[in-house]
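Engineer: Below is a structure I'd like to ask you about.
Chains as they are written, first to last, in our numbering: chain R, 1 to 296; chain V, 1001 to 1237.
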């Protein structure tokens, strides 16, 4: 018993009781802070990497390390003015250095501050291993991914429930020949439509992204776009069409819409992205610099 | 190994000999002659001073001054992490000489056991936390001890009929049977997609609590031996 309590006392050096990311400063650098498990389920339904989720299950607590790049990002976010066009941040580094965890730290901070968080856990999942590719009904030469889109919509709903009731659509959207969403309806209806009819899921995602981009500049809320593995959007895919010709990323609806979000022609938020070699396609395992992975 | 015609393998004093129809042939042999002694790996023995040693240990140390010593094999170390039972188990799990894979599977199994026990520990109420054992090595040793049979069966042929005779087992044979049963159980009776570490950790935890398929197998063997008590006099060693 005594040995255990003295061990816990010495381990307390590595922990900090400050669980609000807004108050994290340089003296918390290198220490772990705990996130309550209900918050983890609400803020990160799909965002945390799987080894970390295993750790949460084993130790019954989610403790995230406060890292220096995360602190830097938080100071930038706190001091940037949201009237200017969005600043796009890229987190890069070698494998296993904590890029995804830095992103999750920033997402937690923004969720605490009340921003609308658009978290894409791994963009690589959208460009590989897709069983069902359908031709898009909206544009003839694009391909839809119903499964990935519907799972993303489900998780998006969990993170941003309260926002979905407040934001209204600014245009009328037609789903197929008979159903449509009128102007002025809450965005939650678009999400419900995407979840109910899986065929329209990718288009629903596109609608959501478009509306959020247009309305974030008005100042009612701040939008954070967090994408992990952003090099997937500009790389190659392993998917093939029915005539065995390879699919380029522009032909996928999800990737096309996400690329539009990446352009900094909107304001009132931030774009934080991570480069990742681990899920990437056709890239050597020693590549980690932005130039090597993004190719531009 | 030399080919020979025989009915049963007779466990004689010197186990490295088979009885053939004509004469004794060597089966397993080493390049060291009988003078060579085994190397001392146990650190604690070396840290004891001369006065603390018992009589046999003092005699052993004096013998080492005059006898040559065998070279230590590469899988034997003085480190705190090395465990002869775990090494033996890893060797038995190995296939086609792939020791790297066997060792990593063993490490993953121990990690899986630790994770499962930690999960139980963190979710248990305060008064039950003491009873949960978290050390995977302790669980491994305890589980193996629970799986070892006490008595074994040997087939002896008399007058054309083969009888299953209950026979005492040596320590080595008991350990071998426990490990063999564990490994065959985990290789065969599992779902196609479960991995070896997961299945092994499950079986080890069940054996630790005296449940599971291997304990059942041991009980079946004991019952057979009990029911064949009448033939025990067929044994002549």
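The beta carbon of each residue, even a glycine, is placed where N, CA and C say it ideally should be.
Select from the stretch 37 to 60 of chain R all residues with a C-beta closer than 7 Å to any C-beta belonging to chain V, and list them in chain order.
Structural biologist: For the stretch 37 to 60 of chain R, which is checked against every Cβ of chain V, the residues closer than 7 Å are 57, 58, 59, 60.
Engineer: Could one say the Cβ of residue 1115 of chain V lies closer than 8 Å to chain R's Cβ atoms, at least one of them?
Structural biologist: By 1-based counting over the second chain, the position of residue 1115 of chain V is 115. Judged by the 8 Å Cβ criterion, residue 1115 of chain V is in contact with chain R.
Engineer: Between which residues of its own chain and residue 51 of chain R is the CB-CB distance below 8 Å, once the five residues before and five after are set aside?
Structural biologist: To locate residue 51 of chain R, count along the first chain from 1; it is residue 51. Closer than 8 Å at the Cβ level, and outside the excluded window around residue 51 of chain R, lies no residue.
Engineer: Within the continuous alpha helix (DSSP H) that includes residue 68 of chain R, where are the two ends?
Structural biologist: For the purposes of this step, residue 68 of chain R is identified with residue 68 of the first chain, where counting begins at 1. Residue 68 of chain R -> alpha helix (DSSP H) spans 68 to 79.
Engineer: What number of angstroms, rounded off, separates the C-alpha of residue 264 of chain R from the C-alpha of residue 92 of chain R?
Structural biologist: Sequence index remark: in the first chain, residue 264 of chain R carries index 264 (1-based). Sequence index remark: in the first chain, residue 92 of chain R carries index 92 (1-based). Near 20 Å, if we compare the C-alpha coordinates of residue 92 of chain R and residue 264 of chain R.
Engineer: Here's a check: name, in chain order, each residue in its chain whose Cβ is nearer than 8 Å to the Cβ of residue 172 of chain R, leaving out the five neighbours to either side.
Structural biologist: The residue you call residue 172 of chain R lines up with position 172 of the first chain. The residues are 180, 181, 182, 183.
Engineer: So what does DSSP say about residue 269 of chain R, is it helix, strand or coil?
Structural biologist: Sequence index remark: in the first chain, residue 269 of chain R carries index 269 (1-based). Of the three classes helix, strand and coil, the one that applies to residue 269 of chain R here is strand, per DSSP.
Engineer: Note down the Cα distance separating residue 272 of chain R from residue 36 of chain R, rounded to an integer number of angstroms.
Structural biologist: Here the question's residue 272 of chain R lines up with position 272 in the first chain. Here the question's residue 36 of chain R lines up with position 36 in the first chain. Rounded to whole angstroms, residue 272 of chain R to residue 36 of chain R spans 24 Å at the Cα level.
Engineer: Can at least three beta-carbon pairs, one atom from the stretch 222 to 235 of chain R and one from the stretch 118 to 128 of chain R, be found at a separation below 8 Å?
Structural biologist: Touching, per the Cβ criterion.
Engineer: What runs of the beta strand (DSSP E), each 3 residues or longer, lie entirely inside the stretch 1019 to 1059 of chain V?
Structural biologist: List check, beta strand (DSSP E) in window: 1024 to 1026.
Engineer: For residue 87 of chain R, which residues in the same chain have their Cβ closer than 7 Å to its Cβ, ignoring the five residues on either side in sequence?
Structural biologist: Position 87 of the first chain, counting from 1, holds the residue named residue 87 of chain R. So the list reads 80, 270, once near-sequence residues are dropped.
Engineer: Mind checking whether residue 239 of chain R and residue 128 of chain R have CB atoms under 8 Å apart?
Structural biologist: On the first chain, residue 239 of chain R is found 239 positions in, with the first residue counted as 1. On the first chain, residue 128 of chain R is found 128 positions in, with the first residue counted as 1. Yes, they are a contact pair.
Engineer: Could you check which residue in R:210, R:70, R:66 has the C-alpha nearest to that of residue 167 of chain R?
Structural biologist: Here the question's residue 167 of chain R lines up with position 167 in the first chain. Comparing Cα-Cα distances from residue 167 of chain R to each of R:210, R:70, R:66, the minimum goes to R:210.
Engineer: Among R:292, R:21, R:252, which one has its Cα closest to the Cα of residue 136 of chain R?
Structural biologist: For the purposes of this step, residue 136 of chain R is taken as the residue at position 136 of the first chain. The option with the nearest alpha carbon to residue 136 of chain R is R:252.
Engineer: How long is the line joining the alpha carbons of residue 159 of chain R and residue 38 of chain R, rounded to whole angstroms?
Structural biologist: In the first chain, the residue the question calls residue 159 of chain R occupies position 159. In the first chain, the residue the question calls residue 38 of chain R occupies position 38. Distance between the alpha carbons of residue 159 of chain R and residue 38 of chain R: 12 Å.
Engineer: Using the beta-carbon count (16 or more within 10 Å), is residue 261 of chain R buried or exposed?
Structural biologist: Along the first chain, read from residue 1 onward, the residue named residue 261 of chain R stands at position 261. Result: buried.
Engineer: If you count every other CB in all the chains shown that lies within 10 Å of the CB of residue 1003 of chain V, and 16 or more means buried, which is it?
Structural biologist: To locate residue 1003 of chain V, count along the second chain from 1; it is residue 3. Low confidence applies to residue 1003 of chain V: its pLDDT is 41, below 50, so where it sits in the model is not reliable enough to give any reading.
Engineer: Can you check whether the CB of residue 165 of chain R is closer than 8 Å to the CB of residue 188 of chain R?
Structural biologist: As a working mapping, residue 188 of chain R is identified with position 188 in the first chain. As a working mapping, residue 165 of chain R is identified with position 165 in the first chain. In this structure, residue 165 of chain R lies closer than 8 Å to residue 188 of chain R by Cβ.
Engineer: Using beta carbons (cut-off 8 Å, strictly below), is residue 1119 of chain V in contact with chain R?
Structural biologist: Walking along the second chain from the start, residue 1119 of chain V turns up at place 119. With 8 Å as the cut-off, residue 1119 of chain V counts as an interface residue toward chain R.
Engineer: In chain order, what are the residue ranges of uninterrupted alpha helix (DSSP H) at least 4 long that sit wholly in the stretch 1077 to 1163 of chain V?
Structural biologist: Counting only runs of 4 or more, we get 1084 to 1093, 1099 to 1123, 1136 to 1147.
Engineer: Where do the N-terminal and C-terminal ends of the beta strand (DSSP E) with residue 34 of chain R fall, by residue?
Structural biologist: Reading the first chain from its first residue, position 34 is the one you call residue 34 of chain R. Its beta strand (DSSP E) spans residues 32 to 35.
Engineer: Hey, quick one: how far does the beta strand (DSSP E) through residue 1237 of chain V stretch, first residue to last?
Structural biologist: The count along the second chain starts at 1 and reaches residue 1237 of chain V at position 237. Looking at the DSSP string, residue 1237 of chain V is not in any beta strand (DSSP E), and its letter there is neither H nor E.
Engineer: Which residues of chain R have a Cβ atom closer than 9 Å to the Cβ of residue 1123 of chain V, listed in chain order?
Structural biologist: Locating residue 1123 of chain V in the second chain gives position 123, counting from the first residue. Those are 60, listed as they occur along chain R.
Engineer: Among R:142, R:277, R:105, which residue has its Cα nearest to the Cα of residue 29 of chain R?
Structural biologist: The residue labelled residue 29 of chain R in the question sits at position 29 within the first chain. Ranking the options by Cα distance to residue 29 of chain R, first place goes to R:105.
Engineer: How is the beta strand (DSSP E) around residue 115 of chain R delimited, first residue to last?
Structural biologist: The residue labelled residue 115 of chain R in the question sits at position 115 within the first chain. Note, residue 115 of chain R: premise wrong, no beta strand (DSSP E); not H, not E.
Engineer: Which ranges does the beta strand (DSSP E) cover as unbroken runs of at least 3 residues, wholly within the stretch 158 to 223 of chain R, from first to last along the chain?
Structural biologist: Whole beta strand (DSSP E) segments, 3+ residues: 173 to 175, 179 to 181.
Engineer: If you measure between the beta carbons of residue 75 of chain R and residue 274 of chain R, is that distance less than 8 Å?
Structural biologist: To locate residue 75 of chain R, count along the first chain from 1; it is residue 75. To locate residue 274 of chain R, count along the first chain from 1; it is residue 274. Not a contact, by the Cβ cut-off of 8 Å.
Engineer: Identify the continuous alpha helix (DSSP H) that holds residue 50 of chain R and give its terminal residues.
Structural biologist: As a first step, residue 50 of chain R is located in the first chain; it is residue number 50 there, counting from the start. Segment 50 to 59, the alpha helix (DSSP H) holding residue 50 of chain R.
Engineer: Going by beta carbon distance, what residues of the same chain come within less than 8 Å of residue 1077 of chain V, once the five residues before and after it are set aside?
Structural biologist: Against the second chain, residue 1077 of chain V aligns to sequence position 77. Closer than 8 Å at the Cβ level, and outside the excluded window around residue 1077 of chain V, lie 1041.
Engineer: What is the DSSP secondary structure of residue 255 of chain R, counted as helix, strand or coil?
Structural biologist: Within the first chain, the letter at position 255 stands for residue 255 of chain R. It is helical.
Engineer: Can you tell me the Cα-Cα spacing of residue 1160 of chain V and residue 1166 of chain V, whole angstroms?
Structural biologist: In the second chain, the residue the question calls residue 1160 of chain V occupies position 160. In the second chain, the residue the question calls residue 1166 of chain V occupies position 166. One C-alpha to the other measures close to 19 Å.
Engineer: If you measure between the beta carbons of residue 1067 of chain V and residue 1036 of chain V, is that distance less than 8 Å?
Structural biologist: In the second chain, counting from the first residue as 1, residue 1067 of chain V sits at position 67. In the second chain, counting from the first residue as 1, residue 1036 of chain V sits at position 36. Against a cut-off of 8 Å, the Cβ pair of residue 1036 of chain V and residue 1067 of chain V comes out as a contact.
Engineer: So what's residue 1231 of chain V in DSSP terms, helix, strand or just coil?
Structural biologist: Taking the first residue of the second chain as position 1, residue 1231 of chain V is located at position 231. In this structure, residue 1231 of chain V counts as helix in the three-state DSSP scheme.
Engineer: Give the straight-line distance between the Cα atoms of residue 1148 of chain V and residue 1180 of chain V, rounded to the nearest whole angstrom.
Structural biologist: For the purposes of this step, residue 1148 of chain V is identified with residue 148 of the second chain, where counting begins at 1. For the purposes of this step, residue 1180 of chain V is identified with residue 180 of the second chain, where counting begins at 1. Roughly 10 Å between the two C-alpha positions.
Engineer: Considering just the uninterrupted stretch of the beta strand (DSSP E) at residue 88 of chain R, what are its terminal residues?
Structural biologist: As a first step, residue 88 of chain R is located in the first chain; it is residue number 88 there, counting from the start. Run containing residue 88 of chain R: 87 to 91, per the beta strand (DSSP E) assignment.
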